[in-house]
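So the sequence shown is numbered by the working numbering: it starts at 54 and just counts up by one.
Cβ atoms here follow ideal geometry from the backbone N, Cα and C, with glycine treated the same way.
Just so it is clear, the structure is predicted and the values come from calculations on it, not from any experiment.
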Amino acid sequence: MYYYGLDWTYVVLVLPCLLLSLLASANVNSTFKKYSTQLSIRRITGADAARRVLSANGVSGVRIEPIRGNLTDHFDPRSNVIRLSENVYGSTSIAAIGVACHEAGHAVQYAREYVPMKVRAAIIPVTNFGSRLAMPLILLGLVFSTMSYFGDTLVYLGIACFGLSVVFQLVTLPVEFNASRRAVQTIDSAGLLTEEEQRGAKKTLRAAAMTYVAATAVALSQLLRLLVIFGGNRRRRD
Ligand SMILES: [Zn+2]
């Protein structure tokens with residue numbers, strides 16, 4: 054069972070992406086920290102900024118609430134609520150305004166029925182199911198592979214299930230990039246931040262987006278690794 058071993062496919066394919074992902078999350082933390090100490094001149098709080106994004110886009114009926122924790126900010130479409138962390142909700146920092154406007158961007162997406170967001174919501178149950186089933190199917194396939202080609206079928210089914218989680222990561226990317234684009238548009242058009250401050254907000258949002266890119270790279274590299282390992286396995290036997 055060499056799948057769990059540290060073979061070359063892990064070192065060459067997965068490890069660099071895992072390192073990228075670690076760097077991305079360290080970067081988002083340090084960037085957020087840096088710009089959360091820089092207060093905006095116009096003294097608008099995160100919660101106010103989110104409200105401004107909603108009204109600038111003609112969206113109503115969305116609640117904005119504080120939530121505990123650090124970088125726990127999110128938009129919940131089920132209850133149509135934007136939850137902003139303690140360092141964002143009442144803060145007038147450049148980072149707070151960037152993050153709050155990004156979450157409001159998600160609320161605008163929801164109100165406008167932005168297609169990638171709908172696709173993402175629709176595939177969540179399938180991808181959750183798929184990612185839970187992937188490894189058991191592959192392992193079961195390996196057990197059976199010595200006996201019959203039924204094992205190969207199970208392995209490929211498992212890889213296909215893993216592929217579903219990669220699709221989920223890929224669909225998440227346009228949703229995240231688009232929310233930031235909407236955020237930056239309102240920050241600019243409503244004059245929430247000065248030009249100099251906008252650069253900091255953009256850096257914060259770009260750092261956050263990089264964590265999603267890195268997560269996608271990790272998932273893709275893991276899928277590629279499975280294909281290399283089991284594609285090669287199949288060829289040897291034929
Ligand atoms: Zn987001």
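Item	Value
Of all the options Ser74, Ile147, Gly211, which has the alpha carbon lying nearest to the alpha carbon of Leu193?	Gly211
Enumerate in chain order the residues of its own chain whose CB-to-CB distance from Gly122 is below 6 Å, with the five nearest sequence positions on each side excluded.	Ser138
Considering only heavy atoms of ligand 1 and the C-beta of each residue, which residues fall inside 6 Å, strictly closer?	His155, His159, Glu229, Ala232
What's the call for Arg116, buried or exposed, on a 16-neighbour Cβ count within 10 Å?	exposed
Quick one: Cα of Ser198 to Cα of Tyr209, how far?	11 Å
Cβ atoms of Thr269 and Gln222: under 8 Å apart, would you say?	yes
Measure the C-alpha to C-alpha separation of Met263 and Met200 and round it to an integer number of angstroms.	45 Å
Who are the Cβ neighbours of Thr225 in its own chain at under 7 Å, not counting the five residues just before and after it?	Arg173, Tyr265
Comparing alpha-carbon positions, which option in Leu277, Arg252, Gln91 lies nearest Asn140?	Gln91
Residues in the same chain with beta-carbon distance under 6 Å from Met170, minus the five sequence neighbours each way, listed in chain order, please.	Gln162, Val228
Tell me where the beta strand (DSSP E) around Ile240 begins and ends.	Not the beta strand (DSSP E): Ile240 falls in the alpha helix (DSSP H), residues 203-242.
Within 10 Å of its beta-carbon, does Ser83 have 16 or more other beta-carbons around it, so buried, or fewer, so exposed?	exposed
What residue range is occupied by the uninterrupted alpha helix (DSSP H) comprising Val112?	Note, Val112: premise wrong, no alpha helix (DSSP H); not H, not E.
Is DSSP giving Tyr55 helix, strand or coil here?	Residue placement at Tyr55 is poorly supported in this model, since its pLDDT is 48, which falls under 50; the coordinates still yield a value, given next. Tyr55 falls in the helix class under three-state DSSP.
Report the CB separation of Gly144 from Thr98 in whole angstroms; it is logged as a contact under 8 Å.	It should be pointed out that residue 144 corresponds to Ser in this sequence rather than to Gly. Contact flag correct, Cβ pair sits at about 6 Å.
To the nearest angstrom, how far is it from the Cα of Ala236 to the Cα of Leu258?	9 Å
Within a Cβ cutoff of 6 Å, which residues of the same chain sit near Cys70, ignoring the five residues on either side of it in sequence?	Ala270, Val271, Ser274
Please report how far the alpha carbon of Ala213 lies from the alpha carbon of Ile94, in whole angstroms.	51 Å
Nearest to Gly204 by CA position, among Pro189, Ser78, Ile150, Val106, is which residue?	Pro189
Suppose you measure from the CA of Gly114 to the CA of Leu68; what does that come to, to the nearest Å?	45 Å
Should Phe128 go down as buried or exposed, given a rule of 16 or more other Cβ atoms within 10 Å for buried?	buried
Let me check understanding here. Comparing Cα to Cα, which of Glu249, Gly216, Val196 lies closest to Ala187?	Gly216
How should Gly111 be labelled, buried or exposed, when 16 other C-beta atoms within 10 angstroms of its C-beta is the threshold for buried?	exposed
Arg289: buried (16+ other C-beta within 10 angstroms of its C-beta) or exposed?	Its pLDDT being 46, under 50, Arg289 is placed unreliably in this model, and the value from its coordinates should be taken loosely. Exposed.
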